[in-house]
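2 protein chains.
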Amino acid sequence: MSTRPLILVTNDDGITAPGIRTLISVMNQIGDVVVVAPDSPQSATGHSITINSTLHIEKVNIDGKQPEYSCSGTPVDCVKLAVNEILERRPDICVSGINHGSNSSINVIYSGTMSAAVEAGIEGIPAIGFSLLDYNWSANFEHCKTFVETITRQVLEHGLPEGVVLNVNLPNLKKEEIKGIKICRQAKANWKEEFDKRTNPMGRDYYWLTGKFVNMDEGEDTDEWALENGYVSVVPVHFDLTAHHAIQSLNTWEL
Amino acid sequence: MSTRPLILVTNDDGITAPGIRTLISVMNQIGDVVVVAPDSPQSATGHSITINSTLHIEKVNIDGKQPEYSCSGTPVDCVKLAVNEILERRPDICVSGINHGSNSSINVIYSGTMSAAVEAGIEGIPAIGFSLLDYNWSANFEHCKTFVETITRQVLEHGLPEGVVLNVNLPNLKKEEIKGIKICRQAKANWKEEFDKRTNPMGRDYYWLTGKFVNMDEGEDTDEWALENGYVSVVPVHFDLTAHHAIQSLNTWEL
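Chains as they are written, first to last, in my numbering: chain D, -5 to 249; chain C, -5 to 249.
This is the structure in structure tokens:
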């Protein structure tokens, strides 16, 4: 029987994305890998799950010997199906990504990559989402490998506090330009939307969502600061959304 | 010029759902209402946004005189379109719901209703998500009206702390059986999935997601406790997902 850790690998860019292929190659150095990932791109699907239609799973062979399953659902569906239908035992860790593009600061909330990690966390499985600050399909993930391996091995060694998963973002720099790894908080930032309004050939208006990222946070302990200054950012993320600090003031209301 | 508050109303069950029609009728007592809601059910879409396809908006007239816009996107898309393309000024408040079914405890993270409220919060707009613990389309929302009005008026009067929105759940009881309103924290709970595996007429396996809700939290300060004991639950929710308590221990790792 293998004493190597069982590693569930997923993502939101789809099972053939170069980012997940890199992640799989690193995880094969660490443990026994099973891949359960979406059959198509699922970026920005957040914590969406499929409740009003059916789900399909197909066993596929893309590269290497690890078992791989392509799934018709969202990243969160993939984690649920992996844990409940595919894996013979609970995985020791779930890693998601490497995402093509940033999931720092407020992006965590829209991210399918991070939602898969959060879902694993809800199931009590240590989990990490990895993202590279390069949206290109042909992004170079080589320099990510050492950092991904180091962080994954540390999580396997130490575990994670209950209810906590990690959001790891990697700057798009050469390996020798990266200064190290920083534990951070989520920067206060948002997107200024700019809808691109057009008219279709039938004369009907339609919109494309576009926008500009705005960092409103001047702190030097944030993920945005770390990434701008050449560090890999690691934000511990939890899914207790309670704003505990607000409970006292709300109790003074006339309700 | 009107001095009444401008109220954006949305939901995830779709613009014709009885829950949003009830919410609109209450909001018409309080201020000037504009409705921007999905043209079809969008339950459990979480914080999903539409980035890889187009969005359409249609002005519709369902009941009453309030302007209403039916949108092809997710609840979060609706809020973004409302704020950036439809409304002439920023709304004074955004209310989402009344959802057909619970969004208490961990459900907050899957909920389109709550994600719309969170998106408004990210935009700096005070926001509330309302949900009734009855999944039926023909649920009776009458007893919700007083509570919805009271909580909305209190938010308009006091505002909300920065970065905080409210998650309000209403028990499915008669009005006289409801004991009051309680400020709560999110209960620690999750879903035990049970996929229903079937074979389609072509011989291919498919899955339906089902599951059982499991409350693992014995605290009497949680939303689950409040709802089980006849109270309306109000949880302040934030979108800084940083697990601040975990930062110190992570800093001891060898990274």
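Glycine included, C-beta positions come from ideal geometry on N, C-alpha and C.
Small disclaimer: the values here were computed from a predicted structure and weren't measured.
7 Å Cβ shell around residue i - same chain, five flanking residues per side excluded
i: D57/D; result: R15
i: D234/C; result: G157
i: I37/D; result: Inspection of the sequence shows that residue 37/D is occupied by Ser rather than by Ile. D6, D7 and G106, listed in sequence order.
i: G182/C; result: Going by the sequence as given, residue 182/C is Lys instead of Gly. The answer, listed in chain order, is M210 and D211.
i: T193/C; result: D199
Classification of residue i by the beta-carbon crowding that lies within 10 angstroms, buried from 16 upward
i: H239/C; result: exposed
i: E62/C; result: buried
i: T246/C; result: exposed
i: Q180/D; result: buried
i: F170/C; result: What sits at residue 170/C in the sequence shown is Glu, not Phe. When all chains shown are included, E170/C counts as exposed.
i: W219/C; result: buried
i: M210/C; result: exposed
i: T216/D; result: buried
i: M(-5)/C; result: Note that M(-5)/C scores 49 on pLDDT, short of 50, meaning its location in the model is unreliable and no value can be drawn from it.
i: V208/D; result: exposed
i: K176/C; result: buried
i: M196/C; result: exposed
i: E117/C; result: buried
i: S227/D; result: buried
i: I113/C; result: The residue asked about is misnamed: residue 113/C is Glu in this sequence, not Ile. Buried, since its Cβ has 16 or more Cβ neighbours within 10 Å.
i: S34/D; result: exposed
i: N91/D; result: Reading the sequence as shown, one finds Gly at residue 91/D and not Asn. Result: buried.
Residue-level contact to chain C via CB, residue i, 9 Å cutoff
i: L2/D; result: no
i: K74/D; result: yes
i: E117/D; result: yes
i: T16/D; result: no
i: A38/D; result: yes
i: P32/D; result: no
i: Y104/D; result: yes
i: F189/D; result: yes
i: I177/D; result: yes
i: V112/D; result: yes
i: I100/D; result: yes
i: I24/D; result: no
Same chain, Cβ closer than 8 Å to residue i, neighbours up to 5 away in sequence not counted
i: G40/D; result: I103, Y104, S105, G106 and S109
i: I43/D; result: G67, T68, V70, D71 and K74
i: G153/D; result: P120
i: V149/D; result: I87, P120, I122 and L160
i: V54/D; result: I9, E62, Y63 and S64
Closer than 9 Å to chain D by CB, residue i
i: D57/C; result: no
i: D199/C; result: yes
i: M(-5)/C; result: Its pLDDT being 49, under 50, M(-5)/C is placed unreliably by the model, and nothing is read from it.
i: H137/C; result: no
i: K169/C; result: no
i: G8/C; result: no
i: H41/C; result: yes
i: N161/C; result: yes
i: D62/C; result: The question names Asp, but residue 62/C in the sequence shown is Glu. For E62/C, the answer is no, since every Cβ of chain D falls outside 9 Å of its Cβ.
i: H50/C; result: yes
i: H152/C; result: yes
i: V28/C; result: no
i: N166/C; result: no
Residue i: CB within 8 Å of a non-hydrogen atom of the ligand ATP
i: N130/C; result: With respect to the ligand ATP, the structure shown offers nothing to examine, as it has no ligands at all.
Close beta carbons around residue i, own chain, < 6 Å, minus the five adjacent residues each side
i: G95/D; result: Y129
i: R198/D; result: none
i: W202/C; result: D190
Partner residues on chain A for residue i, Cβ-Cβ distance less than 7 Å
i: I45/C; result: Considering every chain present, this structure includes no chain A. Its protein chains are D and C.
Report task. Could you run through the stretch 201 to 217 of chain C and flag, in chain order, every residue whose CB is less than 8 Å away from some CB of chain D? Result -> Y201, W202 and L203
Query raised in the report: Which ranges would you report for the beta strand (DSSP E) in the stretch 27 to 90 of chain C if only whole runs of at least 3 residues count?
Result: 51 to 54 and 62 to 65
Query raised in the report: At what residue ranges does the stretch 131 to 168 of chain C contain a whole run of the alpha helix (DSSP H), taking only runs of 4 or more?
Result: 139 to 152
Requested in this report: May I ask you to list, following chain order, the residues of the stretch 67 to 92 of chain D that have a beta carbon less than 9 Å from some beta carbon of chain C?
Outcome: G67, T68, V70, D71, K74, L75, V77, N78 and E79
Query raised in the report: Along the stretch 228 to 239 of chain D, what residues have a CB closer than 9 Å to any CB found in chain C?
Result: V228, V229, P230, V231, H232, F233, D234, L235, T236, A237, H238 and H239
Report task. Go through the stretch 84 to 123 of chain D residue by residue and report every complete run of the alpha helix (DSSP H) that reaches 4 residues or more, in order. Result -> 106 to 116
Query raised in the report: What residues in the stretch 123 to 148 of chain D have a beta carbon less than 8 Å from any beta carbon of chain C?
Result: T144, I145 and Q148
Requested in this report: With a floor of 4 residues, list each alpha helix (DSSP H) that falls wholly inside the stretch 191 to 229 of chain C, ordered by position along the chain.
Outcome: 217 to 222
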